[in-house]
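Residue numbers (full-length UniProt numbering), protein chains in the order written: chain A, 1 to 298; chain B, 1 to 250; chain C, 1 to 320. We put the CB at the ideal spot given by N, CA and C, even for glycine.
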């Protein structure tokens, strides 16, 4: 089994000592995120997220299926994640690691169980036809904070995705081609965003140090971690801290508040990027857009 | 007259906790049984022992593995949960990670500690009961730990119980301590586990949406619950220890 | 395959000799018909109709939960025995030894032909099938008790949870736990008439619920006891080491026939035992005299054990 090379003792001491002086190896502030880059593909629902050297792709696809018998009004939504050797040689194909489980579990809790996607809006004909939305997350490069990056990727991709228009007439349903009718965005109720804190030993004041957006090196050395998922309205969607170093409740609360602040920034950033992309897409037929506006005004 | 919850408790009342050490006799190195209301969990610990496979041995400390079994009869309906069930795996990782950091693993290099948990009856707070049972079983097995890990749940009701002192103008109702199954499926709740008597939090797990302002109150109530759970467990450990000592002394 | 033991051939041989002595010496100094202590609890699971927990020194710990669900009789008007078979579902689950993975096949103490064709290689089938067979053969008419009203019956799910990782659970442990759980099973009282095909209605009041086995009626639920013989000596409740050293072994299934502790024999099965003093290939058959001795030892001695278990059940139920 290929293993991630262990961090050497010298490296470990260096990183930890530097942290005690509030310095990080890449020169960031303790609580600063790396720059998030969002690159949209040609298709709707395709997003490439870069967070420093971490790179995650998310792609949304939709198909029509039968709903579950116990939930006839609800569409289906699945998130699939797989860590492959492309992200890091330590990951193997077909053998999900613990990190793999953690990521899929927390994404599930953050996005699916918090009802970010309105499942009832995906219903076409009750108990017969619903949309099944699938988010595939691919990890291209691993340099820490895979979870945060993939959450941003999934949320952005969902917001970017357009669902073909469906008309129902009696028994028949028609799925209109994208060329034929302008596809509609999904109904997303809120944007949950994961923020992972990495805990390290105590600083000079005897308080646990916590970092945001850790790199792979920092992740390997941390004493514990906690993921908080918040939306911009200040609602916590889930918290997951299992094990690791025990932390004072006071610090947990500080983390939660900090997460809420950070999420507002990320939320705005995603919104801006989406608008920019929309503008870029519509540049070619701006006249058509104006026409549409004019019509509405009348 | 203060308002009561659906099972007749006040907002800050724990359910009855019954715990027992060394329940499985000689078949395991340590075992414990915990009842929190109608949630009943049995834990057995084997180890420190030689790891089952070479790969698992670590030269700088012990490995902790955990297996959780849900009895088919543990819920209201008979459900068989396989080993790959998401809920089972989630519990497994949570318990495993919690105790991997609390057990003084560096004292037990190249060995393995296997925790096996049986959920016999579920009525809310399964994770909390699992953590408490594991703590007791590890104590029974004599495995060195930093301190007790005690867990408890807290929920945030939408409407207060009313009638309480100063409850009239109270638009933020008191959080419920130690939620049962009905409350758990109804209102947002979190599980919190503390290490030792202070406010050091090892585990927080919440799966429902809640306003950030309410988190503090829920955490505070949960942590106070942990402290009470700790008292109860400590009392039982001391009682059991005394009984053991007296028994061999004669 | 007999249960594996950690004993070496000389140890086995020593054990064999001491068991064959007159009077015999058992490794734990028990009398030949003496049972080991049993810790038994029942009716402690609120979500179950009946439950029990049995803990025995060597063979470990076992929890049984019984759940009953209302089910419609299968469409056929002439309910044959085969269909009624499905009214009881037994499953045995063994906890893996934490690290060493779950127990795969569970054969019960190597009972010969346990479970007939399905055998002990078929997952948990062995023990489950064997337990069910004992129940159905139990003469206590368990199936008749499951009838609710015309066209309706209770479906009984008996889940046996073996907490100690082992590939050869003791038949005594499993059957004692199942016995006690059955003994403590209560079903809600029917309030709709017996002879109507409508969905039956039940009372919500658990205080007037009906026991599956009415106390102080006979026969009681069945129970199986392992018995071995070395030379001319017969031993009840053998330990794993004793089974390994034994020459012949039986599992005798009994039900309590009256309040005096007399038992009826429901079934007798062969039990696979060890190598009889380490000499492979010299395994003896079982003489008629010895067979009678073994079975009568069970019948004579076991009554008190079964009765004791039943009494303890009733006491605990009463207390609860």
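- Go ahead and pull the three-state DSSP assignment for residue 130(B). Taking the first residue of the second chain as position 1, residue 130(B) is located at position 130. In the structure shown, residue 130(B) sits in a helix (DSSP, three-state: H, G or I).
- Using DSSP with H/G/I as helix, E/B as strand and the rest coil, what is residue 325(C)? Limits of chain C in this structure are 1 at one end and 320 at the other, which puts residue 325(C) out of reach.
- Message: For residue 41(B) and residue 129(B), which I take to be in contact (beta-carbon distance under 8 Å), what is that distance rounded to the nearest angstrom?
- Response: If you number the second chain from 1, residue 41(B) lands on position 41. If you number the second chain from 1, residue 129(B) lands on position 129. In this structure residue 41(B) is in contact with residue 129(B), their Cβ atoms being roughly 4 Å apart against a cut-off of 8 Å.
- According to DSSP, what are the bridge partners of residue 206(C)? Residue mapping note: residue 206(C) aligns to position 206 of the third chain, counting from 1. Its beta-bridge partners do not exist; DSSP assigns none.
- Cβ atoms of residue 184(C) and residue 52(C): under 8 Å apart, would you say? Position 52 of the third chain, counted from the first residue, corresponds to residue 52(C). Position 184 of the third chain, counted from the first residue, corresponds to residue 184(C). The answer is yes: Cβ separation under 8 Å.
- Message: Could you check whether the region 162 to 182 of chain A touches the region 202 to 215 of chain A, counting it as contact only if at least three pairs of C-beta atoms, one from each stretch, sit closer than 8 Å?
- Response: With a cut-off of 8 Å, the region 202 to 215 of chain A and the region 162 to 182 of chain A do not count as touching, because too few Cβ pairs lie within range.
- When you compare each of 56(A), 240(A) and 258(A) to residue 250(A) by their alpha carbons, which one comes out closest? Counting from one through the first chain, the residue named residue 250(A) turns up at place 250. For residue 250(A), the nearest C-alpha among the options comes from 258(A).
- Please report the Cβ distance between residue 198(A) and residue 219(A), rounded to the nearest whole angstrom; I am assuming they are in contact, meaning their Cβ atoms lie under 8 Å. Residue mapping note: residue 198(A) aligns to position 198 of the first chain, counting from 1. Residue mapping note: residue 219(A) aligns to position 219 of the first chain, counting from 1. Sure, about 6 Å apart at Cβ, within 8 Å.
- Message: Going by the DSSP bridge assignment, what does residue 61(A) pair with across the sheet?
- Response: Locating residue 61(A) in the first chain gives position 61, where the first residue counts as 1. Paired residues: 134(A).
- Query: Taking only runs of the beta strand (DSSP E) that begin and end inside the region 121 to 188 of chain A, which ones reach a length of at least 3 residues, in chain order?
  - Reply: Those beta strand (DSSP E) runs which fall completely within the region 121 to 188 of chain A and span 3+ residues are 123 to 125, 129 to 141, 166 to 169 and 172 to 175.
- Task: Label residue 26(C) either buried or exposed according to how many other C-beta atoms from any shown protein chain fall within 10 Å of its C-beta, with 16 as the threshold for buried.
- Result: On the third chain, position 26 is the one that residue 26(C) refers to. With 16 or more other Cβ atoms inside 10 Å of its own Cβ, residue 26(C) counts as buried.
- Flag this pair as touching only if the region 4 to 18 of chain B and the region 179 to 188 of chain B have three or more C-beta atom pairs under 8 Å; answer yes or no. At 8 Å Cβ cutoff, the stretches touch.
- Task: Use the C-beta contact count for residue 79(B): other C-beta atoms within 10 angstroms, 16 or more gives buried, fewer gives exposed.
- Result: Your numbering for residue 79(B) matches position 79 in the second chain. By the neighbour-count rule (16 or more Cβ atoms within 10 Å), residue 79(B) is not buried but exposed.
- Over the uninterrupted alpha helix (DSSP H) stretch that includes residue 178(C), give me the two end residues. Taking the first residue of the third chain as position 1, residue 178(C) is located at position 178. Boundaries of the alpha helix (DSSP H) harbouring residue 178(C): 171 to 183, taken from the DSSP string.
- Message: Using only CA atoms, which one of 6(A), 5(A) and 25(A) lies nearest to residue 14(A)?
- Response: Translated into positions along the first chain, residue 14(A) becomes position 14. Comparing Cα-Cα distances from residue 14(A) to each of 6(A), 5(A) and 25(A), the minimum goes to 25(A).
- Proximal chain C residues relative to residue 40(B), where beta-carbon distance stays under 8 Å: To locate residue 40(B), count along the second chain from 1; it is residue 40. Those are 44 and 45, listed as they occur along chain C.
- Task: Give the single residue among 230(A), 209(A) and 186(A) whose Cα lies nearest to the Cα of residue 294(B).
- Result: What the structure shows of chain B is the stretch from 1 to 250, and residue 294(B) is not part of that stretch, so it cannot be assessed.
- Message: Within 8 Å of any Cβ in chain A, is that where the Cβ of residue 76(B) sits?
- Response: Locating residue 76(B) in the second chain gives position 76, counting from the first residue. At a cut-off of 8 Å between beta-carbon atoms, residue 76(B) makes no contact with chain A.
- Query: So what's residue 152(B) in DSSP terms, helix, strand or just coil?
  - Reply: Position 152 of the second chain, counting from 1, holds the residue named residue 152(B). Strand.
- Query: Starting from residue 264(A) and walking both ways along the beta strand (DSSP E), at which residues does that stretch end?
  - Reply: Start at 1 with the first residue of the first chain, and residue 264(A) comes out as number 264. Note, residue 264(A): premise wrong, no beta strand (DSSP E); alpha helix (DSSP H) at 249 to 282.
- Using a beta-carbon distance below 8 Å, is residue 158(A) in contact with chain B? Mapped onto the first chain, residue 158(A) falls at position 158. So no, residue 158(A) is outside the interface.
- Task: Have a look at 218(B), 34(B) and 122(B) and flag the residue whose alpha-carbon is nearest the alpha-carbon of residue 77(B).
- Result: As a working note, residue 77(B) is residue 77 in the second chain. Considering only alpha carbons, the answer is 122(B).
- Message: Can you find the residues in the same chain that come closer than 6 Å, C-beta to C-beta, to residue 142(C), ignoring five residues on each side of it along the sequence?
- Response: Your numbering for residue 142(C) matches position 142 in the third chain. The answer, listed in chain order, is 135.
- Identify, in the order they occur along the chain, each residue of the same chain with its Cβ nearer than 6 Å to the Cβ of residue 161(C), setting aside the five sequence neighbours on each side. Residue 161(C) sits at position 161 when you count from the first residue of the third chain. Correct list, in chain order: 63 and 93.
- Is the shortest distance between the beta-carbon of residue 147(A) and the beta-carbons of chain B less than 8 Å? Here residue 147(A) is taken as the residue at index 147 of the first chain, counted from 1. Residue 147(A) does not count as touching chain B.
- Message: Just checking: is the beta-carbon of residue 69(B) within a distance shorter than 8 Å of some beta-carbon in chain C?
- Response: Indexing the second chain from 1 puts residue 69(B) at position 69. Chain C contact via Cβ: present.
- Simplified DSSP assignment, three categories, for residue 157(B): Position 157 of the second chain, counted from the start, is the residue given in the question as residue 157(B). In the displayed model, residue 157(B) falls within coil according to three-state DSSP, outside both helix and strand.
- Where does the unbroken beta strand (DSSP E) through residue 200(B) begin, and where does it stop? The residue you call residue 200(B) lines up with position 200 of the second chain. Where residue 200(B) is concerned, the enclosing beta strand (DSSP E) starts and stops at 200 to 206.
- Query: Is residue 208(B) close to chain C, meaning its C-beta is less than 8 Å from at least one C-beta of that chain?
  - Reply: Here residue 208(B) refers to the residue found at position 208 of the second chain. Cβ-Cβ to chain C under 8 Å: no for residue 208(B).
- the region 81 to 106 of chain B: which residues have C-beta closer than 8 Å to a C-beta of chain C, in chain order? Those residues of the region 81 to 106 of chain B that come within reach of chain C (Cβ to Cβ, closer than 8 Å) are 83.
- Length of the line joining the Cα atoms of residue 234(B) and residue 222(C): On the second chain, residue 234(B) is found 234 positions in, with the first residue counted as 1. On the third chain, residue 222(C) is found 222 positions in, with the first residue counted as 1. Whole-angstrom Cα-Cα distance: 42 Å.
- Cβ of residue 276(A) less than 8 Å from any chain B Cβ? Position 276 of the first chain, counted from the start, is the residue given in the question as residue 276(A). Residue 276(A) does not count as touching chain B.
- Message: Are the CB atoms of residue 59(C) and residue 149(C) within a distance shorter than 8 Å?
- Response: In the third chain, residue 149(C) corresponds to position 149, counting from 1. In the third chain, residue 59(C) corresponds to position 59, counting from 1. It is not a contact, given that the beta carbons lie outside the stated cut-off.
- Say whether chain A places a C-beta atom closer than 8 Å to the C-beta of residue 215(B). Working through the second chain from its first residue, we reach residue 215(B) at position 215. Cβ-Cβ to chain A under 8 Å: yes for residue 215(B).
- Give the C-beta separation of residue 107(A) and residue 154(A) to the nearest angstrom, bearing in mind that I take them to be a contact with Cβ-Cβ under 8 Å. Position 107 of the first chain, counting from 1, holds the residue named residue 107(A). Position 154 of the first chain, counting from 1, holds the residue named residue 154(A). Residue 107(A) to residue 154(A), Cβ: 7 Å. Contact.
- Message: Distance cutoff 8 Å, beta carbons only. Does residue 172(B) sit that close to anything in chain A?
- Response: Stepping through the second chain from its first residue, residue 172(B) is reached at position 172. No, residue 172(B) does not count as interfacial toward chain A.
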